[in-house]
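Have a look at the structure below before the remarks.
Number of protein chains: 2
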Amino acid sequence: MINSSVMPQYQQVATTLRRRIANGEYLEGDIIPPSSELENFFSVSNITIRKALALLSNEGWVRSRRGVGTIVTRAPSSQPLKIAVSGNFTEWVDSASGKSLPIKQTVLECALKPAPSRVSNILECALGDALWTMQRIRRIAGNIISYHVNFGRPEVLGTIKKSTMVPNRNFVDVLRGECGVNLMRMDQTVEAMAADRDLAALLEVEFGTPLFFVENIYLDGADTVVAVSHLYLRGDHYAYQTSISLEDDAHAR
Amino acid sequence: MINSSVMPQYQQVATTLRRRIANGEYLEGDIIPPSSELENFFSVSNITIRKALALLSNEGWVRSRRGVGTIVTRAPSSQPLKIAVSGNFTEWVDSASGKSLPIKQTVLECALKPAPSRVSNILECALGDALWTMQRIRRIAGNIISYHVNFGRPEVLGTIKKSTMVPNRNFVDVLRGECGVNLMRMDQTVEAMAADRDLAALLEVEFGTPLFFVENIYLDGADTVVAVSHLYLRGDHYAYQTSISLEDDAHAR
DNA sequence: ATATAAAAGTATACTATAATACTTTTATAT
DNA sequence: ATATAAAAGTATTATAGTATACTTTTATAT
Numbered sequence: 001m002i003n004s005s006v007m008p009q010y011q012q013v014a015t016t017l018r019r020r021i022a023n024g025e026y027l028e029g030d031i032i033p034p035s036s037e038l039e040n041f042f043s044v045s046n047i048t049i050r051k052a053l054a055l056l057s058n059e060g061w062v063r064s065r066r067g068v069g070t071i072v073t074r075a076p077s078s079q080p081l082k083i084a085v086s087g088n089f090t091e092w093v094d095s096a097s098g099k100s101l102p103i104k105q106t107v108l109e110c111a112l113k114p115a116p117s118r119v120s121n122i123l124e125c126a127l128g129d130a131l132w133t134m135q136r137i138r139r140i141a142g143n144i145i146s147y148h149v150n151f152g153r154p155e156v157l158g159t160i161k162k163s164t165m166v167p168n169r170n171f172v173d174v175l176r177g178e179c180g181v182n183l184m185r186m187d188q189t190v191e192a193m194a195a196d197r198d199l200a201a202l203l204e205v206e207f208g209t210p211l212f213f214v215e216n217i218y219l220d221g222a223d224t225v226v227a228v229s230h231l232y233l234r235g236d237h238y239a240y241q242t243s244i245s246l247e248d249d250a251h252a253r
Numbered sequence: 254m255i256n257s258s259v260m261p262q263y264q265q266v267a268t269t270l271r272r273r274i275a276n277g278e279y280l281e282g283d284i285i286p287p288s289s290e291l292e293n294f295f296s297v298s299n300i301t302i303r304k305a306l307a308l309l310s311n312e313g314w315v316r317s318r319r320g321v322g323t324i325v326t327r328a329p330s331s332q333p334l335k336i337a338v339s340g341n342f343t344e345w346v347d348s349a350s351g352k353s354l355p356i357k358q359t360v361l362e363c364a365l366k367p368a369p370s371r372v373s374n375i376l377e378c379a380l381g382d383a384l385w386t387m388q389r390i391r392r393i394a395g396n397i398i399s400y401h402v403n404f405g406r407p408e409v410l411g412t413i414k415k416s417t418m419v420p421n422r423n424f425v426d427v428l429r430g431e432c433g434v435n436l437m438r439m440d441q442t443v444e445a446m447a448a449d450r451d452l453a454a455l456l457e458v459e460f461g462t463p464l465f466f467v468e469n470i471y472l473d474g475a476d477t478v479v480a481v482s483h484l485y486l487r488g489d490h491y492a493y494q495t496s497i498s499l500e501d502d503a504h505a506r
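Shown next, in the form of structure tokens:
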């Protein structure tokens with residue numbers, strides 16, 4: 001069988017069945033579909049299904065009885081609590097200082113570095129040109145939630161040092177206060193991505209963990225790009241909540 | 254060595270190095286760190302690094318020369334084009350019909366089904382109670398971008414059929430038009446997650462692909478929950494863009 | 001020319017993953 | 001009681017992933 005080789009199949013199957021139970025697709029006391037059927041559905045062998053069920057069995061989700069079937073032994077536990085960050089993407093993305101949640105930031109580095117390709121395109125400089133960069137980590141209750149990288153031309157942002165950012169100052173404030181930039185607009189792009197080993201190490205997560213990737217492009221009054229930020233946000237343990245009024249029909253169309 | 258066993262390590266390393274090159278951390282013509290150093294950094298064996306480099310070599314990113322080192326042979330290609338969906342999460346999430354992009358939806362099923370645990374909590378019914386549910390797929394240019402599941406009490410939403418949704422009608426419209434609901438508010442939660450095999454099959458992606466998971470809770474004038482929607486959105490090939498005015502200081506604090 | 005250090009490459013062995021074909025247990029209809 | 005069908009469980013075998021220890025090639029300083 002061709003496997004485009006990510007996670008071992010038995011673990012993929014286990015993950016999927018676990019979610020089915022957690023979702024309530026199989027209820028406590030139910031007999032789940034027999035191995036033969038699961039083999040068929042997932043296009044894998046007997047042994048792969050068995051290993052998946054063995055995992056679930058060890059975790060206490062199911063119990064297999066020879067000749068009878070595999071029975072769900074545990075109801076879906078109540079939601080694993082996620083830390084909820086309020087406000088929509090627009091708000092929390094680079095201005096998380098004075099909110100209700102105690103977010104702490106650490107500046108890892110603040111130095112001239114070669115421009116990554118994606119940024120050099122935006123800031124209209126050559127690939128590898130030295131840019132002012134700053135790398136930060138943010139935590140809630142000690143847990144890392146995001147990794148921020150800011151880029152800018154050294155002429156404009158060069159005055160920002162590690163010490164400029166304490167305590168928990170945000171980037172927009174500093175751009176205005178220290179660099180005298182007339183900030184007018186931010187173009188924001190949000191994507192979902194998976195952590196590679198570099199990001200996994202920084203964010204203290206497993207390889208493959210889903211992340212939000214946010215790119216902010218800061219523009220001044222003349223529509224010139226002043227700075228670029230790249231934010232990598234853990235998406236697995238944090239939920240981003242917002243409340244939207246539907247009284248006005250306009251945008252629902 | 255303990256591997257919490259996701260993707261094979263040599264592929265993890267390859268993914269990481271590929272991104273370093275694409276980012277411009279290693280430039281064309283550069284000699285990348287020698288295997289011994291990479292072994293050390295990634296805490297893997299010689300052979301694992303070699304397999305990773307063999308992958309990159311086949312893909313034309315690098316060329317290894319015995320006794321010399323491994324040289325980067327390809328500059329980062331220009332951004333792989335992503336389809337950009339404009340507007341922020343608030344807007345595009347369940348109202349994508351009449352936008353500039355030609356989004357087409359297909360109703361997969363519209364039937365009474367047992368409530369998933371997460372939804373039964375919100376709609377305050379027992380786990381497994383029959384709820385009205387509707388499942389939809391949305392495409393842009395033939396490519397699946399999202400999978401939507403709507404839930405509601407059968408007394409309220411039971412009149413909605415497959416045919417009610419054509420052509421490309423959105424859920425909010427139907428709630429108001431067909432069900433006479435006085436919609437007032439929507440509470441939205443956004444998370445990043447990875448596709449299991451069920452979602453992977455529906456969205457036609459690989460297991461592990463990063464997805465946006467959006468939960469919308471629809472409330473009427475009396476703050477009663479009327480309906481719940483679960484949206485699973487491909488996050489890898491689609492970027493969500495918005496432009497934010499920074500003229501007003503208020504929210505940057 | 002030659003020794004040396006630093007790089008990529010190879011040999012061997014062990015473990016995890018997974019396919020195919022077969023066996024045992026259980027419930028149930030006769 | 002007994003045959004049967006349907007379920008989980010086992011044996012065997014092949015292949016992929018990875019670690020350890022070793023070899024060959026290359027550039028360079030003498």
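Top to bottom, those sequences are chains A and B.
With this note's numbering, you'll find the first sequence wraps up at 253, consecutive numbering, no jumps.
With this note's numbering, you'll find the second sequence wraps up at 506, consecutive numbering, no jumps.
Positions of the beta carbon are idealized from the N, C-alpha and C atoms, including for glycine.
Any chain A beta carbon closer than 8 Å to residue i
{"i": "B/ARG438", "result": "yes"}
{"i": "B/GLN358", "result": "no"}
{"i": "B/VAL478", "result": "no"}
{"i": "B/VAL266", "result": "yes"}
{"i": "B/ARG272", "result": "yes"}
{"i": "B/VAL321", "result": "no"}
{"i": "B/LEU280", "result": "yes"}
{"i": "B/VAL259", "result": "yes"}
{"i": "B/ALA305", "result": "no"}
{"i": "B/GLY277", "result": "yes"}
{"i": "B/SER317", "result": "no"}
{"i": "B/PRO407", "result": "no"}
Interface flag, residue i vs chain B, CB-CB below 8 Å
{"i": "A/ILE83", "result": "no"}
{"i": "A/ALA252", "result": "Its pLDDT being 38, under 50, A/ALA252 is placed unreliably in this model, and the value from its coordinates should be taken loosely. Yes - at least one Cβ of chain B is within 8 Å of the one on A/ALA252."}
{"i": "A/ILE244", "result": "yes"}
{"i": "A/LEU123", "result": "no"}
{"i": "A/THR73", "result": "no"}
{"i": "A/LEU56", "result": "no"}
{"i": "A/ALA126", "result": "no"}
{"i": "A/ALA254", "result": "Residue coverage of chain A in this structure runs from 1 to 253, which leaves residue 254 of chain A outside it and unanswerable."}
{"i": "A/ALA96", "result": "For A/ALA96, the predicted model reports a pLDDT of 42, less than 50, meaning its position is unreliable and no value from the coordinates is stated."}
{"i": "A/ALA115", "result": "yes"}
{"i": "A/PRO102", "result": "no"}
Cβ-Cβ distance between residue i and residue j below 8 Å
{"i": "B/LEU472", "j": "B/VAL479", "result": "yes"}
{"i": "B/TYR493", "j": "B/VAL338", "result": "yes"}
{"i": "A/GLN105", "j": "A/ARG138", "result": "yes"}
{"i": "A/LYS113", "j": "A/ALA126", "result": "no"}
{"i": "B/PHE460", "j": "A/VAL181", "result": "no"}
{"i": "B/THR386", "j": "B/ASN374", "result": "no"}
{"i": "A/ASP276", "j": "B/THR269", "result": "Since the first residue shown for chain A is 1 and the last is 253, residue 276 of chain A is missing from the structure and cannot be characterised."}
{"i": "B/ALA368", "j": "B/LEU361", "result": "no"}
{"i": "A/PRO102", "j": "A/GLY69", "result": "no"}
{"i": "A/MET186", "j": "B/ILE497", "result": "yes"}
{"i": "A/TYR238", "j": "A/LEU199", "result": "no"}
{"i": "A/THR209", "j": "A/CYS179", "result": "no"}
{"i": "A/GLY24", "j": "A/PRO76", "result": "yes"}
{"i": "A/VAL172", "j": "B/LEU410", "result": "no"}
{"i": "A/ARG18", "j": "A/TRP61", "result": "yes"}
Heavy atom of the ligand NAD within 7 Å of residue i beta-carbon
{"i": "A/PRO154", "result": "As presented, the structure is devoid of all ligands, the ligand NAD included, so that no description of it is given."}
Three or more C-beta pairs below 8 Å linking the region 7–18 of chain A and the region 49–63 of chain A: yes
Members of the region 31–49 of chain A that neighbour chain B once the beta carbon cut-off is set at 7 Å: Going along the region 31–49 of chain A in chain order, one finds PHE42 with a Cβ nearer than 7 Å to chain B.
Members of the region 441–475 of chain B that neighbour chain A once the beta carbon cut-off is set at 7 Å: GLN441, THR442, VAL443, GLU444, ALA445, MET446, ALA447, ASP449, ARG450, ASP451, GLU459, PHE460, GLY461, PRO463, LEU464 and PHE465
Near-chain B residues of the region 133–151 of chain A - C-beta to any C-beta below 8 Å: none
Any 3 or more C-beta pairs closer than 8 Å across the region 385–401 of chain B and the region 451–462 of chain B: Result yes; three or more Cβ-Cβ pairs closer than 8 Å.
Contact residues within the region 409–441 of chain B, judged by C-beta distance below 8 Å to chain A: ASN423, VAL425, ASP426, LEU436, MET437, ARG438, MET439, ASP440 and GLN441
Alpha helix (DSSP H) runs wholly inside the region 12–50 of chain A, at least 4 long, in chain order: 35–42
Positions along the region 479–495 of chain B whose CB lies within less than 7 Å of some CB in chain A: GLY488, ASP489, ALA492, TYR493, GLN494 and THR495
The region 183–201 of chain A in contact with the region 159–169 of chain A per 3-pair CB rule at 8 Å: In short, these stretches do not touch, since the Cβ pair count stays below three.
Alpha helix (DSSP H) segments (min. 4 residues) lying fully within the region 143–190 of chain A: 154–157 and 171–177
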